[in-house]
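Top to bottom, those sequences are chains A and B.
Position 29 (the first sequence) corresponds to 29 in the numbering used here; numbering is contiguous.
Position 154 (the second sequence) corresponds to 154 in the numbering used here; numbering is contiguous.
Positions of the beta carbon are idealized from the N, C-alpha and C atoms, including for glycine.
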Amino acid sequence: MTRTRFHQELDELKHRILAMAGMAEQAIDLAVQAYSLRDASLCQRVITNEAGINRAEREVDEFAIDLLAMQQPMAVDLRFILAVIKINADLERVGDQAVNIAQRVLNMIELPAAELPVDIPAMASRVRAMVRDALRSFIEADTDLAKHVLEADDEIDRMNHEAFATLSSYMQATPDGAVQALDALSIARNLERVADHATNIAEDVIFWVRGADVRHGAGQSFAGS
Amino acid sequence: MATAVDVRGLKAWYGKTEALHGINIAMESTHATALIGPSGCGKSTFIRCLNRMHETHPDAKVEGQVRIGELDIYGAPAVDVRRRIGMVFQKPNPFPMMSIYDNVAAGLKLNGTHNRKTLDDTVELSLQQAALWDEVKDVLKKKSGASLSGGQQQRLCIARALAVNPEVMLMDEPASALDPISTAKIEDLIFELKQKLTIVIVTHNMQQASRVAEFTGFFLMGNLVEFDRTEKIFTNPSDKRTEDYITGRFG
Numbered sequence: 001m002t003r004t005r006f007h008q009e010l011d012e013l014k015h016r017i018l019a020m021a022g023m024a025e026q027a028i029d030l031a032v033q034a035y036s037l038r039d040a041s042l043c044q045r046v047i048t049n050e051a052g053i054n055r056a057e058r059e060v061d062e063f064a065i066d067l068l069a070m071q072q073p074m075a076v077d078l079r080f081i082l083a084v085i086k087i088n089a090d091l092e093r094v095g096d097q098a099v100n101i102a103q104r105v106l107n108m109i110e111l112p113a114a115e116l117p118v119d120i121p122a123m124a125s126r127v128r129a130m131v132r133d134a135l136r137s138f139i140e141a142d143t144d145l146a147k148h149v150l151e152a153d154d155e156i157d158r159m160n161h162e163a164f165a166t167l168s169s170y171m172q173a174t175p176d177g178a179v180q181a182l183d184a185l186s187i188a189r190n191l192e193r194v195a196d197h198a199t200n201i202a203e204d205v206i207f208w209v210r211g212a213d214v215r216h217g218a219g220q221s222f223a224g225s
Numbered sequence: 001m002a003t004a005v006d007v008r009g010l011k012a013w014y015g016k017t018e019a020l021h022g023i024n025i026a027m028e029s030t031h032a033t034a035l036i037g038p039s040g041c042g043k044s045t046f047i048r049c050l051n052r053m054h055e056t057h058p059d060a061k062v063e064g065q066v067r068i069g070e071l072d073i074y075g076a077p078a079v080d081v082r083r084r085i086g087m088v089f090q091k092p093n094p095f096p097m098m099s100i101y102d103n104v105a106a107g108l109k110l111n112g113t114h115n116r117k118t119l120d121d122t123v124e125l126s127l128q129q130a131a132l133w134d135e136v137k138d139v140l141k142k143k144s145g146a147s148l149s150g151g152q153q154q155r156l157c158i159a160r161a162l163a164v165n166p167e168v169m170l171m172d173e174p175a176s177a178l179d180p181i182s183t184a185k186i187e188d189l190i191f192e193l194k195q196k197l198t199i200v201i202v203t204h205n206m207q208q209a210s211r212v213a214e215f216t217g218f219f220l221m222g223n224l225v226e227f228d229r230t231e232k233i234f235t236n237p238s239d240k241r242t243e244d245y246i247t248g249r250f251g
């Protein structure tokens, strides 16, 4: 009763979600690059590419739902498909956050450059590492790495709060740069949300591999072993 | 939850071949327990040990303890045991020459009940409990059990088993020969029956196990590998062998 074809289809599902992950990861990379270079053409690429991510989301969902309906998966296979459906939604949202960042960058490019007291590239670098680790934990079914992603989220939250505090003070002291500061604030907030999606992906990996629900702090005691 | 069926160190043989290697399991009263596993794993042998059917096989031998409530079934007459434990098989086996009525009344008559009113009432109640009454009430004595459809025959066999008021119902792949509608009726029936009875069902259909049973046991090569709540077995089993079987990685 070995289900060779079904397991080939699960591999195919994994390939499809990873292809989509590549698109979402690229969108964030391009948006951050656009911020650093003040490059409108990169922003446009992010905005244009979003349709591809949305299309991939629908295709992955459709494929996953077909497998649920046609194959009645059990245990680790069931958890894998459920995790893929949730990761799919998170990746699509990552694409949305990238578009939000690109739109803010387009605003900023219209205005004179301001010396803002926030290190967006440093924050972006941490967030991209989280996304990369979350996806690697998925590829390698590595719950230790997934747990590391969960821990990294606190640092991003702290950076976001710090950006809020410093940019608020900056806006009061420098009204001429207030609009640019608001855009930077929004970019920091979007990056923080990307980190939340990476966290969700890591939680889904732990659910898939271990069958443990670690959402909303339920994983405090999860040892990853 | 009270334990209805308590099995300790159960071993069974066919001649010199040991088919069960010491099974321990406590099945809860008024719940359904599904037994799954590949062909030849011992699950049917196991339930046949619960009502002493196994020993009807030539050269068969059983060792260990099975208790139904307070009754030690290997310390009691086999007839008494089978009165308290009904059984339904894969292939419906109504008595072909008997009417529907006589099929249901057969066990009662065998137990010495001949009062017409008691028989009538019990036949009606049993057929109602088996969700067959409405379909056969007008032809009870006119039609034979064998004239019914496969699904109806299976419900007739369930009614026949219910008539002697058992505490436990053993079901050995009761729906594997039935179409989806008849299968759904049997599954609905299991839901009704387990309000009052303890059900032990052997099935190859894992979706069926997950639909009808609160508990599931996985048998492999004469051993009970894992026994747990059904949702745990089908979403996150503890044993790799269980997971490999239910996900189709072997079998």
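| Using a beta-carbon distance cut-off of less than 9 Å, what residues from the segment 78 to 94 of chain A approach chain B? | L78 and R79
| message | If we define contact as Cβ-Cβ less than 8 Å, is A:A202 a contact residue for chain B? | response | no
| said: Can you tell me which residues form a DSSP beta bridge with A:D61? | reply: None, per the DSSP bridge assignment.
| task | Kindly indicate which three-state DSSP category B:E63 falls into: helix, strand or coil? | result | strand
| request: Report all residues from its chain with a CB closer than 7 Å to the CB of B:D239; omit the five preceding and five following residues, and keep chain order. | output: V225 and E226
| query | Is there a Cβ from chain B that is less than 8 Å from the Cβ of A:G224? | reply | Bear in mind that a pLDDT of 44 at A:G224, under 50, signals an unreliable position, so the number given afterwards is only what the model happens to contain. False, the Cβ-Cβ gap to chain B never drops below 8 Å.
| Who does B:M11 pair with in a DSSP beta bridge? | One point to set straight first is that residue 11 of chain B is Lys, not Met, in the sequence displayed. Looking at the DSSP assignment, B:K11 forms a beta bridge with B:H21 and B:E63.
| query | Are the segment 80 to 88 of chain B and the segment 58 to 71 of chain B in contact at 8 Å, needing three or more beta carbon pairs? | reply | yes
| Any C-beta of chain B under 8 Å from that of A:R215 | no
| message | Per DSSP, what are the beta-bridge partners of B:D228 in this structure? | response | B:T216
| message | Can you find the residues in the same chain that come closer than 6 Å, C-beta to C-beta, to B:Q153, ignoring five residues on each side of it along the sequence? | response | P92 and P94
| Interface positions of the segment 234 to 246 of chain B facing chain A (Cβ-Cβ less than 7 Å), listed along the chain | F234, T235, N236, P237, E243 and I246
| Nearest chain A C-beta to B:Q259 closer than 8 Å, yes or no? | Within the shown structure, residues of chain B are numbered from 1 to 251, placing residue 259 of chain B beyond reach of any answer.
| field | Contact list for A:A146 against chain B, beta-carbon separation under 7 Å | value | Under the 7 Å cutoff, chain B gives no residues; its nearest Cβ is about 17 Å from A:A146.
| field | Candidates A:D119, A:G177, A:R215 and A:I187, of which the one nearest A:E151 by Cα | value | A:R215
| query | Between the segment 52 to 78 of chain A and chain B, which residues of the former have CB atoms less than 8 Å from a CB of the latter, in chain order? | reply | Q72, P73, M74, A75, V76, D77 and L78
| query | Does DSSP put B:G86 in a helix, a strand or coil? | reply | strand
| Closest to B:I23 by CA distance: which of B:S29, B:T30 and B:R8 is it? | B:R8
| Using a C-beta cutoff of 8 Å, does A:G177 count as contacting chain B? | no
| request: Tell me whether the beta-carbon of A:A83 lies closer than 8 Å to the beta-carbon of A:D196. | output: no
| said: By alpha-carbon positions, which one of A:G22, A:T4 and A:Q8 ends up nearest to A:F138? | reply: A:G22
| query | Taking all protein chains shown into account, do 16 or more other C-beta atoms lie within 10 angstroms of the C-beta of A:P73, making it buried, or fewer, making it exposed? | reply | buried
| query | For A:M20, which three-state DSSP category applies? | reply | helix
| message | Just to confirm the assignment, what range does the alpha helix (DSSP H) spanning A:D77 have? | response | A75 to E110
| field | Whole-Å CB distance - B:F218 paired with B:T242, under 8 Å assumed | value | 5 Å
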